[in-house]
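Chemist: Chains as they are written, first to last, in this note's numbering: chain A, 1 to 436; chain B, 1001 to 1321.
No residue lacks a Cβ here, since even glycine has one placed at the ideal position from N, Cα and C.
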């Protein structure tokens, strides 16, 4: 009876999280506490089920991004990019989407979107253009870019934390499908939007004039902000140090979480005068961290009752004897699930499932490909719908504040085909990895 | 498109004017136009000339109208017109250089005018005086800075209005270490006896001899005029509106609904963009040409207007030909 009650609690909480009936952190904590109260896990096992490395990595990155953001460095970069575009719509699209993808690989997607969406909306609206395709493009590129590194997207952080795969392993194994998707999607986007949205305005004096004036307005507004160059320099130095730490992680023999935490502490130390510690600590999304803790306990509980073994077997059966089919099944199931579900609980659930599948693999195959299939499916699938990823929700909310309404269907019109393209690119990549 | 463009341009000008003042807006517009000309591709002079006429029409019809910008565009249009009439066969890249040079000269001239105005402002005796200021004007900031640099000792009372206007004034005074106090504009009567003179700036001077100024200025100026305390107005002559004003009241109102801060009561609230203040109420008007009485400024205005109307006439005759 106990396994059924456990599964019922898990499914109920999962559905409530999906439909956002209540705050998801509270729901996850209710689920976790219920698992302990009904005796599936004792308190100590529940604590052990929490992946503290993942939690610390998330916390450290949130702290780091918040303190760096206070320095104004990210706004500075965004304004510089806007200036560099000189109001050229195509350049604006390429620069903003490219930088969004790059920044999302090293910062969290939401931070990147918070930085680029308002400036894009202001600039494009002022130029008399529809900012919608640009904003949707940025959201999509932030999710794709985030898929390339261990710290780029929460699903990767969860996978990295659970498997011990290094920062470099993520980049080495994911750069081809990520850059391939960026290239292909970028080309499709430009080709389909050339006529109405991206055509150069260099022959239109009126449009050129307004775009130049807007760029100057953005510049002086930014220059009027209180900027501390020393603080900016310190933030950049620490960010570079951390990225170097991630890249040389295997030589340093340190965990990614420890490198990130060391960086955050270092920045707080050297920027003690400039950074507002109280404010930075308040800005950490503690509810998200609690949500993760609750999820880890709930997944630990259903793992304990053997449910995940059954799920693993089902997925394994889908593959039959073919490893390629198995990989594609993981990729596409993760992709479709991430379109409609929050990919964080989904990946948390899938991590032990993938471990089980790996244990049952026969023959000379690369078991890590399953992680890359899960990562690509979960990160890229989030682009399918407006609710597929946090960046989508935040991006559309910010756009709405700027008077640009992106409906669920409008987003899906762009998101679904482009997700399909990126999943096809990933499928080809995974298949080739098996064949070659 | 034309209506939307007109609306967008008006909004943009107004936003920038609120942020950095009309003179700096004008400089920003000229710099932006120069960048636009630099980036312009694939046009012959005739195409450029037509596009410029179209753009100038939009510039002339923003709400509110910015005389200083219209004035500059008039100069650019004049050059384009001369080129169209007399050098039609010249390559556009060569003309582009001419326009960029003219724009550079215009920017230089605007900066020089501002400097000359500040120089004339130093003639005012402010030693030991307390000066009232109200609008967030870069011209006033520059005048006060120049007086401070000249070793004059004075204090400032800021008549507080909306935070987006008064905030930058406080920042500027604090930055230049000019001693100041802030009093809400509607409470100024309580410090009347401390105030020795009033320094103001404005958006433009209309042919009706009314200055277009920040809302709330009319009351302050009338009050200090009655008290026979000197009101100085600082404005370069390129800000004068070089057309015959048709409307007596040309201020824009923004009517919106507001909710009572604690009771469920909705009410209509009206905000106005500007005040119109009679030039007669000023003791002196400080321009780049010197310090003038209202009567003298009327003469200068009329001379300038006549000259402009003549040029306009010639321009339209050429166009018809």
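Which runs of the alpha helix (DSSP H), 4 residues or longer, sit entirely within the region 330-367 of chain A?
Modeler: The qualifying runs are 343-360.
Chemist: By the criterion of Cβ-Cβ separation under 7 Å, what are the contact partners of residue 1020 of chain B in chain A?
Modeler: By Cβ distance, chain A contributes 220.
Chemist: Can you tell me the Cβ-Cβ gap for residue 1286 of chain B and residue 1234 of chain B, rounded? I've got them flagged as a contact below 8 Å.
Modeler: So it is a contact: roughly 5 Å between Cβ atoms.
Chemist: On a CA-only basis, which of B/1117, B/1262, B/1279 and B/1145 is nearest residue 1154 of chain B? Give me that one, please.
Modeler: The option with the nearest alpha carbon to residue 1154 of chain B is B/1145.
Chemist: In angstroms, rounded to a whole number, what distance separates the CA positions of residue 1134 of chain B and residue 76 of chain A?
Modeler: If I take the Cα positions, the gap works out to 33 Å.
Chemist: Closer than 9 Å, Cβ to any Cβ of chain A: which residues of the region 1040-1058 of chain B, in chain order?
Modeler: Within the region 1040-1058 of chain B, the residues whose Cβ lies closer than 9 Å to some Cβ of chain A are 1040, 1041, 1042, 1043, 1047, 1048, 1051, 1052, 1054, 1055 and 1058, listed in chain order.
Chemist: Counting only C-beta atoms, is residue 202 of chain A closer than 7 Å to chain B at any point?
Modeler: Closer than 7 Å to some Cβ of chain B, the Cβ of residue 202 of chain A qualifies, so yes.
Chemist: What residues of chain B sit near residue 210 of chain A, judged by a beta carbon separation below 9 Å?
Modeler: By Cβ distance, chain B contributes 1005, 1008, 1009, 1012, 1032 and 1036.
Chemist: Kindly say whether residue 206 of chain A, judged by its beta-carbon, lies nearer than 7 Å to any beta-carbon of chain B.
Modeler: So, interface residue.
Chemist: Taking Cβ-Cβ distances shorter than 9 Å, what residues in chain B pair up with residue 126 of chain A?
Modeler: Those are 1008, 1011 and 1012, listed as they occur along chain B.
Chemist: For chain B, find out if any of its Cβ atoms is closer than 7 Å to the Cβ of residue 217 of chain A; answer yes or no.
Modeler: Yes, contact with chain B.
Chemist: Measure the C-alpha to C-alpha separation of residue 324 of chain A and residue 336 of chain A and round it to an integer number of angstroms.
Modeler: Cα to Cα, the separation comes out at about 18 Å.
Chemist: Along the chain, where does the beta strand (DSSP E) containing residue 19 of chain A start, and where does it finish?
Modeler: From DSSP, residue 19 of chain A is part of no beta strand (DSSP E); its letter is neither H nor E.
Chemist: Just to confirm, is the Cβ distance from residue 394 of chain A to residue 113 of chain A under 7 Å?
Modeler: Yes, they are a contact pair.
Chemist: Report the neighbours of residue 213 of chain A on chain B: residues whose CB is nearer than 7 Å to its CB, in chain order.
Modeler: Correct list: 1012, 1028, 1029 and 1032.
Chemist: Between the region 158-169 of chain A and the region 111-131 of chain A, do three or more beta carbon pairs fall short of 8 Å?
Modeler: No, the region 158-169 of chain A does not touch the region 111-131 of chain A.
Chemist: At 3 residues or longer, what runs of the beta strand (DSSP E) sit wholly inside the region 71-104 of chain A?
Modeler: Runs of the beta strand (DSSP E) inside the region 71-104 of chain A: none found.
Chemist: Check for me: the beta strand (DSSP E) holding residue 1152 of chain B runs from which residue to which?
Modeler: Unbroken run through residue 1152 of chain B: none, as it is neither H nor E.
Chemist: Kindly list the residues whose CB is nearer than 6 Å to the CB of residue 197 of chain A, restricted to its own chain and excluding five residues on each side of it in sequence; keep chain order.
Modeler: Same-chain partners within the cutoff: 133.
Chemist: Name, going along the chain, the residues of the region 86-100 of chain A whose beta-carbon falls closer than 7 Å to a beta-carbon of chain B.
Modeler: Residues passing the 7 Å Cβ filter: 86.
Chemist: Should residue 54 of chain A be labelled buried (16 or more other beta-carbon atoms within 10 Å of its own) or exposed?
Modeler: Buried is the call here.
Chemist: Based on the DSSP output, what are the partners of residue 1204 of chain B in its beta bridges?
Modeler: B/1212.
Chemist: Taking the alpha helix (DSSP H) that residue 211 of chain A falls in, what are its first and last residues?
Modeler: Looking at the DSSP string, the run of the alpha helix (DSSP H) that includes residue 211 of chain A is 205-224.
Chemist: Give the interface partners of residue 1270 of chain B over in chain A, defined as CB-CB distance under 7 Å, in chain order.
Modeler: Correct list: empty, because the minimum Cβ distance to chain A is about 23 Å.
Chemist: Find out if the Cβ-Cβ distance for the pair residue 1197 of chain B, residue 1131 of chain B is shorter than 7 Å.
Modeler: Yes, they are a contact pair.
Chemist: What residues from chain A crowd round residue 1016 of chain B, counting only those whose CB sits closer than 7 Å?
Modeler: The answer, in chain order, is 217.
Chemist: Three-state secondary structure (DSSP) at residue 1293 of chain B?
Modeler: Three-state DSSP puts residue 1293 of chain B in coil, outside helix and strand.
Chemist: Around the C-beta of residue 130 of chain A, are 16 or more other C-beta atoms found within 10 angstroms, so that it is buried, or is it exposed?
Modeler: The residue in question, residue 130 of chain A, is exposed, as its Cβ has fewer than 16 Cβ neighbours within 10 Å.
Chemist: What's the gap between the Cα of residue 1067 of chain B and the Cα of residue 1240 of chain B?
Modeler: Their backbone Cα atoms lie some 6 Å apart in a straight line.
Chemist: Given that a residue counts as buried once 16 or more other Cβ atoms are within 10 Å of its Cβ, and exposed if not, what is residue 1022 of chain B?
Modeler: Residue 1022 of chain B comes out buried.
Chemist: For the region 1250-1286 of chain B, list the beta strand (DSSP E) runs that are entirely contained and at least 3 residues long, ordered along the chain.
Modeler: Counting only runs of 3 or more, we get 1253-1259, 1266-1272 and 1275-1278.
Chemist: Does the beta-carbon of residue 230 of chain A have 16 or more other beta-carbons within 10 angstroms, so that it is buried, or is it exposed?
Modeler: Classification for residue 230 of chain A: exposed.
Chemist: Does the region 1278-1285 of chain B come close enough to the region 1041-1049 of chain B to have 3 or more Cβ pairs within less than 8 Å?
Modeler: The region 1278-1285 of chain B vs the region 1041-1049 of chain B: no contact.
Chemist: Can you have a look at residue 97 of chain A and say buried or exposed, based on whether 16 or more other CB atoms are within 10 angstroms of its CB?
Modeler: Answer is buried; the Cβ neighbour count reaches 16.
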